[in-house]
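First the structure, in the form of structure tokens, and then the observations on it.
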Amino acid sequence: MSSTLLKVVSNICFPDPPSQTLSRKGLIMAARLEIGLKPGLVDPEGEGLKKKAAEYFGYDFIEAVRTIRVLTIDAGLTDEQLTAVQHGIFTNPVTEFSSFQPLAPEIDLAIWVGLKPGVNDTAGHTALEAIRDYLGYSFKPGEDIYTSKLYLLATTGVDRDEAVQATEVLASEILANDIIQQWRVFDAQSWDKNTGIGLVIPQVRLQKTPSVTTIPISSDAELARLSQERNLALTENDIPTIRNYFLREEVRAERAKVGLDEPTDVELEYISQGRSDHCNHNTFNGIFHYTDLSTGQTEIVDNLFTTCIKAPTLAVKAKKPWVVSVLWDNAGVGRFDDDHYYVITGETHNSPSNMEAYGGAITGIVGVYRDPMGTGLGAKLVMGAYGYCVGPRDYPGPLRPHLHPRRLLDGVITGVKDGGNKSGIPTPFGQVFFHPNYLGKCLVFVTALGIMPAEVQGRPAELKSIAAGDLIIM
């Protein structure tokens, strides 16, 4: 079977498209384009998966892996238009071949990975723009392009049930992030050479009309119950503060002008998010009782943020004329030269990366890019940077961390690479520190650097104000 897989049906060149389509409401037809490397060319991504399967899990029964890019075109394109974009945009004639039919007539095992409905498909958006520009086609509401990937595995010396179980581990532990992706494993018995993976249209289909619900909070105990029930994670200090706000006469009067009375579910979700530890730094703002075990000296620190972060930062600002702006906007601003400022920020994504290395790291680096762009009147991103603190990569000991350091490091590296370089923002600087103390929890630092003019249309670029009627871009 492996020889068949490695050739990946080389007899298929460019058959007439596309006999397999899906009609939705008689208006829109969907077609699936599969694109693979030509036989004989090395598949780096496939080789990487084979190597990880052996290193992470000891799976030595995988002889080869070939990857296939899948493009599901859910739009009313004619057969001629589909053929045009197949060859004109999506297939490199030197290294690739493609088909609107399954590229693999038979398989040992296959893993399909795609995004869940509602998850932003950046590659799909780019493909849509390319088709629009290439054909001059105007996409209608409901039409879209979806990307996914198919991995074909050639195996040897393993029984079917064991191979399927191992492949499911590869899918869930390496290839897919269950928070944003869906996946499916095929074996030789479940594979249909005519339909392959089928046509998956990951559209969001609401089963009900969204509505806003009022929620009475008659007492602090009632709001505490709602917090527990709706996972609002409100603290004991939050509850009376929030409830008293909705009871204030001036607030009630203003709400009445727009037809509001009791708090709504939208407002409570919004407030709970704004007062969360992630956004409001409740832990940093708390009171810490510290005892030096070597001396027995006890110290009370009221608000770590104010005493250990804010105060020394403002002290530096007072001494350094090149510090333009700190601690009030999304990022700090420093003087680059007489006409330009640089904008810099950083954050950690330790817990998310420790649980799911790739997803935690990619959301960290992409998330931190927002800060320079949203500082003052806006900065242009220049670069990203990173820092990883992990356990020894070859750790052989008995402690079983959630992710072995090797797996964790591979995941965060790939996450920052995909979120950084692939988004068009280079990540030219980084550092890695190995120590056994990070077996329990890694540290993942991400940083973004931008540049802005000192003035924009005569206004100081580092300053901004917000007024009613301003547009919010999310």
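Under my numbering, the sequence shown is numbered contiguously, ending at residue 483.
Just so you know, even glycine gets a beta-carbon here, dropped at the ideal spot from N, CA and C.
These figures come from a predicted structure and were not determined experimentally.
Inset, instruction - Starting from the Cα of residue 456, find the closest Cα among 217, 374, 398 and give me that residue. - result: As a position in the sequence shown, residue 456 is number 447, starting the count at 1. Looking at the Cα atoms, 374 is the closest of the given residues.
Inset, instruction - Pull up the distance between the alpha-carbon of residue 31 and that of residue 419, whole angstroms please. - result: Taking the first residue of the sequence shown as position 1, residue 31 is located at position 22. Taking the first residue of the sequence shown as position 1, residue 419 is located at position 410. For residue 31, the predicted structure reports a pLDDT of 46, less than 50, and the residue's modelled location is therefore unreliable. The matter cannot be settled from this model.
Legend entry - Beta-carbon contacts of residue 388 that lie in its chain and below 7 angstroms, excluding the five residues immediately before and after: The count along the sequence shown starts at 1 and reaches residue 388 at position 379. 352, 381, 382, 459, 460, 461.
Inset, instruction - Specify whether the region 426 to 433 and the region 409 to 418 touch according to this definition: at least 3 beta carbon pairs, one from each stretch, less than 8 angstroms apart. - result: no
Legend entry - Simplified DSSP assignment, three categories, for residue 118: The count along the sequence shown starts at 1 and reaches residue 118 at position 109. Reduced to three states, the DSSP call for residue 118 is strand.
Inset, instruction - Locate the beta strand (DSSP E) running through residue 462, then write down its first and last residues. - result: Taking the sequence shown and counting its residues from 1, one reaches residue 462 at position 453. Taken as a continuous stretch (DSSP letters only), the beta strand (DSSP E) holding residue 462 covers 452 to 462.
Legend entry - Terminal residues of the beta strand (DSSP E) in which residue 398 lies: The sequence position of residue 398 within the sequence shown is 389, counting from 1. Unbroken beta strand (DSSP E) run through residue 398: 389 to 399.
Legend entry - Euclidean distance between Cα positions of residue 347 and residue 463: Translated into the one-based positions of the sequence shown, residue 347 becomes position 338. Translated into the one-based positions of the sequence shown, residue 463 becomes position 454. Using only the alpha carbons, I get a separation of about 8 angstroms.
Legend entry - Candidates 476, 71, 40, 325, of which the one nearest residue 169 by Cα: For the purposes of this step, residue 169 is taken as the residue at position 160 of the sequence shown. The option with the nearest alpha carbon to residue 169 is 71.
Inset, instruction - Would you check if there are 3 or more beta carbon pairs closer than 8 angstroms linking the region 240 to 254 to the region 191 to 208? - result: no
Inset, instruction - Quick one: measure Cβ to Cβ for residue 224 and residue 121, integer angstroms, because I've assumed they're closer than 8 angstroms. - result: Residue mapping note: residue 224 aligns to position 215 of the sequence shown, counting from 1. Residue mapping note: residue 121 aligns to position 112 of the sequence shown, counting from 1. Contact flag wrong, Cβ pair sits at about 41 angstroms.
Inset, instruction - Closer than 8 angstroms by C-beta to residue 365: which residues in its own chain qualify, once you throw out the five before and the five after it? Chain order, please. - result: The residue given as residue 365 occupies position 356 in the sequence shown. For residue 365, where only same-chain residues beyond five positions count, the Cβ hits under 8 angstroms are 186, 188, 420.
Legend entry - Proximity below 8 angstroms, CB of residue 83 to CB of residue 136: On the sequence shown, position 74 is the one that residue 83 refers to. On the sequence shown, position 127 is the one that residue 136 refers to. The answer is no: Cβ separation not under 8 angstroms.
Inset, instruction - Within its chain, find whatever has a CB closer than 6 angstroms to the CB of residue 341; leave out the 5 residues flanking it on each side and keep chain order. - result: One-based indexing of the sequence shown puts residue 341 at position 332. Same-chain partners within the cutoff: 335, 353.
Inset, instruction - Measuring alpha carbon to alpha carbon, tell me which of 391, 448, 407 ends up nearest residue 484. - result: An answer regarding residue 484 cannot be provided, because it is not within the stretch 10 to 483 covered by the chain.
Legend entry - 8 angstroms CB neighbourhood of residue 317 in its chain, flanking five on each side removed: By one-based count along the sequence shown, residue 317 stands at place 308. Closer than 8 angstroms at Cβ, skipping near neighbours: 310.
Legend entry - Three-state class that DSSP yields for residue 305 in the structure shown: For this step, residue 305 is matched to residue 296 along the sequence shown. DSSP places residue 305 in coil when its eight states are reduced to three.
Legend entry - Between the CA atoms of residue 208 and residue 29 - distance to the nearest angstrom: Against the sequence shown, residue 29 aligns to sequence position 20. Against the sequence shown, residue 208 aligns to sequence position 199. Below a pLDDT of 50, predicted positions are generally treated as unreliable, and residue 29, at 42, falls in that range; the measurement from the model is reported next regardless. Roughly 9 angstroms separates the two Cα atoms.
Inset, instruction - Throw me the rounded Cβ distance for the residue 289 and residue 283 pair, which I believe falls under 8 angstroms. - result: Residue numbering aside, residue 289 sits at position 280 when the sequence shown is read from its first letter. Residue numbering aside, residue 283 sits at position 274 when the sequence shown is read from its first letter. Contact holds; Cβ gap of about 7 angstroms.
Legend entry - Coil, strand or helix - residue 444 by DSSP: As a working mapping, residue 444 is identified with position 435 in the sequence shown. Three-state DSSP puts residue 444 in coil, outside helix and strand.
Legend entry - Candidates 107, 441, 212, 356: closest to residue 379 by CA position: Here the question's residue 379 lines up with position 370 in the sequence shown. Comparing Cα-Cα distances from residue 379 to each of 107, 441, 212, 356, the minimum goes to 356.
Inset, instruction - Could you give the DSSP three-state label for residue 33: helix, strand or coil? - result: Here residue 33 corresponds to residue number 24 of the sequence shown, with the count starting at 1. Reliability of the predicted coordinates at residue 33 is poor, the pLDDT of 42 falling under 50, and the value obtained from them is presented with this limitation in mind. The answer is strand: DSSP assigns residue 33 an E or B state.
Inset, instruction - Taking 8 angstroms as the cut-off, decide whether the C-beta atoms of residue 123 and residue 155 are in contact. - result: Numbered from 1 along the sequence shown, position 114 holds the residue referred to as residue 123. Numbered from 1 along the sequence shown, position 146 holds the residue referred to as residue 155. Going by C-beta atoms, residue 123 is nearer than 8 angstroms to residue 155.
Inset, instruction - Reducing DSSP to helix, strand and coil, say where residue 282 ends up. - result: On the sequence shown, residue 282 is found 273 positions in, with the first residue counted as 1. Residue 282 falls in the helix class under three-state DSSP.
Inset, instruction - Determine the burial state of residue 241: buried for a count of at least 16 other Cβ atoms within 10 Å of its Cβ, exposed for fewer. - result: In the sequence shown, residue 241 corresponds to position 232, counting from 1. Looking at its Cβ environment, which holds 16 or more other Cβ atoms inside 10 Å, residue 241 is buried.
Inset, instruction - Using only alpha-carbon positions, find the residue among 75, 441, 215, 146 that is nearest to residue 90. - result: The residue you call residue 90 lines up with position 81 of the sequence shown. Residue 146 is the option with its Cα nearest to residue 90.
Inset, instruction - Sort 67, 468, 99 by Cα distance to residue 139 and report the nearest one. - result: The residue you call residue 139 lines up with position 130 of the sequence shown. Of the listed residues, the one whose Cα sits closest to residue 139 is 99.
Inset, instruction - Please look up how many angstroms separate the CB atoms of residue 212 and residue 126, rounded, as I've assumed it's under 8 angstroms. - result: Position 203 of the sequence shown holds residue 212. Position 117 of the sequence shown holds residue 126. Confirmed, Cβ separation roughly 6 angstroms.
Inset, instruction - Assuming residue 300 and residue 338 form a contact by the criterion Cβ under 8 angstroms, report the distance between their Cβ atoms to the nearest whole angstrom. - result: Here residue 300 is taken as the residue at index 291 of the sequence shown, counted from 1. Here residue 338 is taken as the residue at index 329 of the sequence shown, counted from 1. At roughly 37 angstroms, the Cβ-Cβ gap does not stay under 8 angstroms, so residue 300 and residue 338 are not in contact.
Inset, instruction - Would you kindly check if the distance between the Cβ of residue 255 and the Cβ of residue 272 is under 8 angstroms? - result: Here the question's residue 272 lines up with position 263 in the sequence shown. Here the question's residue 255 lines up with position 246 in the sequence shown. In contact: residue 272 and residue 255 (Cβ atoms closer than 8 angstroms).
Inset, instruction - Report buried or exposed for residue 183, applying the criterion of at least 16 other Cβ atoms within 10 angstroms of its Cβ. - result: As a working mapping, residue 183 is identified with position 174 in the sequence shown. Residue 183 should be labelled buried.
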